[in-house]
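At position 558 of the sequence shown the residue is numbered 558 (the numbering used here), and the sequence of numbers has no breaks.
For each residue, glycine too, the CB sits at the ideal point set by N, CA and C.
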Amino acid sequence: MSKKTQSQADTKTASPIISSSAERSSLEKKTNASSVAEFSGESQPSRNESSLKPVEKTGNSSKLQAGVPEGDASGMRDKEPAFSSPDAETAANVRHDEGSAPKKNEHGEGGEEEDLSLYETSAQEAGLELCGSDIDSEDFVHPADRAEHLEQLPLNKQLCVLTHLPTEEAAEALAELDEEVAGDVLENMDADDAARLIAEMDPDDAVDILDEVEEGHRDILLSNLPADDAEELRMLLSFDPDTAAGVMNTDIIMVASSSTVDEAILLIRSELEEKEMPYYVYVVDSQETLEGVISLRDLMLARPGTLLASMVNKQDVISVQYDTDKSEVARLLGHYNFLCLPVVDREEHLMGVVTHDDVLDIIQDEASSDMLGMVGAGQDENVDTPWTRSVRIRLPWLIINMCTSSLSAFIVSMFEGSIAQMALLAVLMPMVANQAGNTGQQALAVMIRQLATESFDARRSWGAVFRESKIGLGTGIFMALLAYIGVMFLSHNSMLATVMGIALLLDMLLGAVAGGAIPLVLRALGRDPAQASSIFLTALTDSGGFFIFLGLATVFLL
Numbered sequence: 001m002s003k004k005t006q007s008q009a010d011t012k013t014a015s016p017i018i019s020s021s022a023e024r025s026s027l028e029k030k031t032n033a034s035s036v037a038e039f040s041g042e043s044q045p046s047r048n049e050s051s052l053k054p055v056e057k058t059g060n061s062s063k064l065q066a067g068v069p070e071g072d073a074s075g076m077r078d079k080e081p082a083f084s085s086p087d088a089e090t091a092a093n094v095r096h097d098e099g100s101a102p103k104k105n106e107h108g109e110g111g112e113e114e115d116l117s118l119y120e121t122s123a124q125e126a127g128l129e130l131c132g133s134d135i136d137s138e139d140f141v142h143p144a145d146r147a148e149h150l151e152q153l154p155l156n157k158q159l160c161v162l163t164h165l166p167t168e169e170a171a172e173a174l175a176e177l178d179e180e181v182a183g184d185v186l187e188n189m190d191a192d193d194a195a196r197l198i199a200e201m202d203p204d205d206a207v208d209i210l211d212e213v214e215e216g217h218r219d220i221l222l223s224n225l226p227a228d229d230a231e232e233l234r235m236l237l238s239f240d241p242d243t244a245a246g247v248m249n250t251d252i253i254m255v256a257s258s259s260t261v262d263e264a265i266l267l268i269r270s271e272l273e274e275k276e277m278p279y280y281v282y283v284v285d286s287q288e289t290l291e292g293v294i295s296l297r298d299l300m301l302a303r304p305g306t307l308l309a310s311m312v313n314k315q316d317v318i319s320v321q322y323d324t325d326k327s328e329v330a331r332l333l334g335h336y337n338f339l340c341l342p343v344v345d346r347e348e349h350l351m352g353v354v355t356h357d358d359v360l361d362i363i364q365d366e367a368s369s370d371m372l373g374m375v376g377a378g379q380d381e382n383v384d385t386p387w388t389r390s391v392r393i394r395l396p397w398l399i400i401n402m403c404t405s406s407l408s409a410f411i412v413s414m415f416e417g418s419i420a421q422m423a424l425l426a427v428l429m430p431m432v433a434n435q436a437g438n439t440g441q442q443a444l445a446v447m448i449r450q451l452a453t454e455s456f457d458a459r460r461s462w463g464a465v466f467r468e469s470k471i472g473l474g475t476g477i478f479m480a481l482l483a484y485i486g487v488m489f490l491s492h493n494s495m496l497a498t499v500m501g502i503a504l505l506l507d508m509l510l511g512a513v514a515g516g517a518i519p520l521v522l523r524a525l526g527r528d529p530a531q532a533s534s535i536f537l538t539a540l541t542d543s544g545g546f547f548i549f550l551g552l553a554t555v556f557l558l
């Protein structure tokens, strides 16, 4: 649930709040003739029309119109409106029929606020039209849809749309944007407007975006926030973004263990609008030490008057330390099928929670990082990354790849004489290396997924390598038979076909073992198991395949 800020204007171009009848009278014609008529196509009711309409008698009582206090009703019946009309026509226009007058609300108050709301809504729609965006249409009712639409717009239109949307809707759309895009928007937005949106967002979403903002500008934005909000965000920014504390939400409801079920329900009702959706009730002591967790279902079904302390007595609480890696948090949340997981410090003080929507983002980010890292690209790289930065990231791995390719070229040069005597060897070499490379890539993908989704178990992981070797052996035998048949059909040379089959079998076995072992070796060296694994695998399968095939051919054919 988004945080609410104090009442502020949603945009710089929003309609002015007219505080006196004289000001309203002077601006009436301009408003109806220009801004409202131009953008909406129809005249909107003027605020002085609703607030200054004469009182109409009904039976023995006066029917009060908007803006007329009940105590002054009798005095207003015989009095002229307290303003001087420019001419008779304007005065006549003010006295419109009863059906067009704003209705009183249930407290007997006037409709001036309702009339102002209509005016501001019209101005908002007009502003969005000027931005060249139809984001207010029915096609973009969800913040995620609005964010997707915003990402297709240039920066100046993004700023225009977010400035003209209501604060809460703009904050929700901003939270759904890609973090780099959202950070760019905040850096180019007026500091007051940006701070207003940040204050409306959930702390974890705000921190993710602020982390992408240049540090100097970030300090400016934080200085424009209320002191409590700024302090909370600075605290969250101090944590490593790849840890539980870096992705946790601090907008949670904590209930004292001495409270009863009824008191807890009342507390949840009073704080629900300002806090994260309470999937669970977190029971703490006077020092905010986590004592237990109660689901909302159990809370509602509990007998009235039951103490929370008795409900969490001897409960084994599953939580994570604030410095736990976020990928481990995601694994635990998926393992226990929780909707959120509490985050505590060393003394078990409750700091916040990691929710399931954050975990979905973590899993998606981890999968993308693994896929990009396997081929030596930047693990956070995308199509919006500056090309110069991409060059700096990719170039070192391309240099490494050239060095490993040089090894393969050197091995081929060692058998230059064999290739000269039998040119068919040069034709068959790429087939051996290619099949082994594909086998290794399959093993590599399975192993990286294993390490990403489950806790590391050395015995089980090396057992998975042995499993991949058996798979490589089985598929290698089948492919060797196909290769033997194919080479016999082309060359009618049984010895060459036999060498081809054996070389293919051995290289595919090498590829399967290498694909399973490389991530484990990189992990043992303290590196990301997915980082450039594909480059090392290709080096092994190519150089190994060429050496095996050309070596066997030299021994048995030449």
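**Request:** Would you check if the distance between the CB atom of Ala483 and the CB atom of Leu496 is smaller than 7 Å?
**Result:** The Cβ atoms of Ala483 and Leu496 lie no closer than 7 Å to each other.
**Request:** Go through its chain and collect everything with a Cβ distance to Ala309's Cβ below 6 Å, but skip five positions before and after it.
**Result:** Within the same chain, Ala309 has close Cβ partners Ser257.
**Item:** Reduced DSSP category for Asp325 - H, G, I as helix; E, B as strand; rest coil
**Value:** The answer is strand: DSSP assigns Asp325 an E or B state.
**Request:** Give the single residue among Ala443, Ala480, Gly545, Phe547 whose Cα lies nearest to the Cα of Ala514.
**Result:** When only C-alpha atoms are compared, the closest one is Ala443.
**Prompt:** Shortest alpha-carbon distance to Gln435 belongs to which of Glu200, Ala480, Ser295?
**Reply:** Ranking Glu200, Ala480, Ser295 by Cα distance to Gln435 puts Ala480 first.
**Item:** Whole-angstrom C-beta distance between Pro203 and Thr250, which should lie under 8 Å
**Value:** Contact holds; Cβ gap of about 5 Å.
**Prompt:** In angstroms, rounded to a whole number, what distance separates the CA positions of Ser491 and Thr498?
**Reply:** Distance between the alpha carbons of Ser491 and Thr498 is about 12 Å.
**Message:** Tell me which residues share the same chain as Asp616 and place their Cβ nearer than 6 Å to its Cβ, disregarding the 5 neighbours each side in the sequence.
**Reply:** The requested residue 616 is not part of the displayed model; the chain covers only 1 to 558.
**Prompt:** Is there contact between the segment 334-351 and the segment 191-201, where contact requires at least three CB pairs shorter than 8 Å?
**Reply:** Between the segment 334-351 and the segment 191-201 there are fewer than three inter-stretch CB-CB distances shorter than 8 Å, so the stretches are not counted as touching.
**Message:** Looking only at its chain, what residues have a beta carbon closer than 8 Å to the beta carbon of Glu291, apart from the 5 residues adjacent to it on each side?
**Reply:** Ser257, Val283, Val284, Asp285, Ala309, Val312, Gln315, Val317.
**Asked** When DSSP builds the beta bridges, which residues end up paired with Thr541?
**Response** Answer is none; Thr541 lacks a bridge partner.
**Proximity below 7 Å, CB of Ala144 to CB of Glu176** = Contact: yes.
**Item:** The alpha helix (DSSP H) enclosing Leu398, as first and last residue numbers
**Value:** In the DSSP assignment, Leu398 falls within the unbroken alpha helix (DSSP H) covering 387-414.
**Request:** Please say whether Val255 and Leu272 have beta carbons closer to each other than 7 Å?
**Result:** It is not a contact, given that the beta carbons lie outside the stated cut-off.
**Prompt:** Roughly how many whole angstroms lie between the Cα atoms of Leu299 and Val261?
**Reply:** One C-alpha to the other measures close to 7 Å.
**Asked** Curious, which full-length alpha helix (DSSP H) runs of at least 4 residues does the segment 477-519 contain?
**Response** Entirely contained in the segment 477-519, not one alpha helix (DSSP H) run reaches 4 residues.
**Asked** What did DSSP end up calling Gly352 once you bin it into helix, strand or coil?
**Response** Strand at Gly352.
**Asked** From the DSSP output, which residues share a beta bridge with Met254?
**Response** Under DSSP, Met254 takes part in a beta bridge, and its partners are Tyr282.
**Message:** Please tell me whether Asp345 has its Cβ less than 7 Å away from any Cβ of chain B.
**Reply:** Within the model displayed, chain B is absent; a lone protein chain is all it includes.
**Message:** Measuring only the C-alpha atoms, how far is Asp242 from Arg459?
**Reply:** It is roughly 27 Å from the alpha-carbon of Asp242 to the alpha-carbon of Arg459.
**Message:** Any contact between the segment 387-394 and the segment 522-537? By contact I mean 3 or more CB pairs, one from each, below 8 Å.
**Reply:** Verdict: no, contact absent.
**Message:** Can you look up Thr306 in the DSSP assignment and give me helix, strand or coil?
**Reply:** Coil.
**Asked** To the nearest angstrom, how far is it from the Cα of Glu274 to the Cα of Gln152?
**Response** It is roughly 32 Å from the alpha-carbon of Glu274 to the alpha-carbon of Gln152.
**Request:** Quickly, what does DSSP pair Val320 with across the bridge? List them, please.
**Result:** Looking at the DSSP output, Val320 sits in a beta bridge with Val343.
**Prompt:** Can the beta-carbon of Glu212 be found less than 7 Å from the beta-carbon of Gly183?
**Reply:** Contact flag set, yes.
**Asked** Could you give the distance in angstroms between the alpha-carbon of Ser319 and the alpha-carbon of Asn438?
**Response** Approximately 41 Å, taken between the alpha carbons.
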